[in-house]
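In the numbering used here, the protein residues as written are 2 to 307.
Quick reminder that beta carbons are idealized off the backbone N, C-alpha and C, glycines included.
Note that the structure is predicted; figures quoted are calculated from it, not measured.
Shown next, in the form of structure tokens:
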């Protein structure tokens, strides 16, 4: 087995990365080897230098035309490979210690404004009351992500038995195979109760164990189908721009922050491993923060005098 093959096996078996993440690592490493004109069998990490990595990033930028974010991701894949090889004794020196990442503009999360999201929720009321399974299921998808902040993969991967018996929470498997229990709003619990009732009465799926989000044939729904459903629902309510499930997740976090939720609590709800990933939401509403200061600071007065 080649060093690269052992690295990929480590990503899958020990780090338990998703198939998509592993595929990205495999592609980035393969791209570097192709640039070096080496096969996996010919790859000798001991002869690779810092200059090789820098030249490769310049090639990606200038000849391939990749953006800084894409080059940084590819370099990060190689850095992970290198550090793994160090830990296994394949190499000694860390050539990535002085390889810097390119600066990229900070991308702020896209979210749906409160008033527009209210239109979305109101527009789903008829679907919630409907006896049409697809209409109810689509409403469940949109409202579950918005009220719980779940990732697309977490929604699709959840099973019916992951919902607590009293409908107060749902157990999900997050990134890195980290399990967490997510609270459910009481209203969401009632909607799920009706959803399960329809599954039973319409014989969509039998038994006690089945995927949470089902196709009409009783099979686990695909991520692509969920993306289309969310986009259709949001656009039909007048949402402009991006209309992905991740936008609903951003909306969940932004609305919580705007109403005074603690950033560390939001971090836990989103399943972020570090607070840094959550801090991007602090951009949301500077005017709200100004109001907080004006109302709460002891030296604040109605006319701004101190």
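Validate contact between the region 186-193 and the region 163-175 using beta carbons, cut 8 Å, 3 pairs: At 8 Å Cβ cutoff, the stretches touch.
Indicate whether the contact test is met: 3 or more Cβ pairs, each with one atom in the region 119-127 and one in the region 216-223, closer than 8 Å. Pairwise C-beta distances place the region 119-127 out of contact with the region 216-223, as fewer than three of them are shorter than 8 Å.
Identify the residues that DSSP records as bridge partners of residue 182: which are they? Residue 182 pairs with 172.
Beta-carbon within less than 7 Å of residue 239's beta-carbon, same chain only, minus the 5 sequence neighbours each way: which residues are those? The beta carbon of residue 239 sits closer than 7 Å to the beta carbons of 117 and 120 from its chain, once the five residues preceding and following it are set aside; these are given in chain order.
Bridge partner(s) assigned by DSSP for residue 221: In DSSP, residue 221 forms a bridge with 215.
State the Cα-Cα distance for the pair residue 41 and residue 3, rounded to the nearest angstrom. Distance between the alpha carbons of residue 41 and residue 3 is about 6 Å.
Indicate the three-state DSSP secondary structure (helix, strand or coil) for residue 322 in the structure shown. Residue 322 lies beyond the residue range present for the chain, which begins at 2 and ends at 307; the question has no answer from this structure.
Here's the rule I'm using: 16 or more other beta-carbon atoms within 10 Å means buried, otherwise exposed. How should residue 59 be labelled? Label assigned to residue 59: exposed.
Alpha helix (DSSP H) segment containing residue 130, residue limits: From DSSP, the alpha helix (DSSP H) with residue 130 extends over 126-130.
Under the assumption that residue 113 contacts residue 248 (Cβ atoms under 8 Å), give the Cβ distance between them as a whole number of angstroms. With a Cβ gap of about 7 Å, residue 113 and residue 248 count as contacting.
Distance between beta carbons of residue 83 and residue 97, contact taken as under 8 Å: Contact check for residue 97 and residue 83: beta-carbon distance about 5 Å, within the 8 Å limit, so the pair qualifies.
Do you know how far the Cα of residue 134 is from the Cα of residue 146? Going from the Cα of residue 146 to the Cα of residue 134 covers about 18 Å.
Give the DSSP-derived three-state secondary structure of residue 151 in the structure shown. If DSSP states are grouped into helix, strand and coil, residue 151 belongs with coil.
Run the proximity test for residue 244: is its beta-carbon closer than 6 Å to any non-hydrogen atom belonging to the ligand HEM? In the structure on display, the ligand HEM does not appear, and there are no ligands present to speak of.
Status (buried if at least 16 other CB within 10 Å, exposed otherwise) for residue 61: Around the Cβ of residue 61, a 10 Å sphere holds 16 or more other Cβ atoms; the residue is buried.
Does residue 244 come out as helix, strand or coil in the three-state DSSP assignment? Reduced to three states, the DSSP call for residue 244 is coil.
Backbone CA spacing between residue 153 and residue 23 [nearest angstrom]: Straight-line Cα distance between these residues: approximately 18 Å.
Buried or exposed: residue 208, going by 16 or more other Cβ atoms within 10 Å of its Cβ? With fewer than 16 Cβ atoms within 10 Å of its Cβ, residue 208 is classed as exposed.
Have a look at residue 313 and residue 228 and give me their C-alpha separation to the nearest angstrom. Outside the shown range of the chain, which is 2 to 307, sits residue 313, and nothing can be said about it.
Relative to the C-alpha of residue 46, which residue among 5, 9, 143 and 158 is closest? Per the C-alpha coordinates, the member of 5, 9, 143 and 158 positioned closest to residue 46 is 5.
Three-state class that DSSP yields for residue 73 in the structure shown: Here residue 73 sits in helix by DSSP.
Could you please give the first and the last residue of the uninterrupted alpha helix (DSSP H) stretch that includes residue 3? DSSP places residue 3 outside any alpha helix (DSSP H), giving it a letter other than H or E.
Three or more beta-carbon pairs under 8 Å between the region 190-201 and the region 258-276, yes or no? No, the region 190-201 does not touch the region 258-276.
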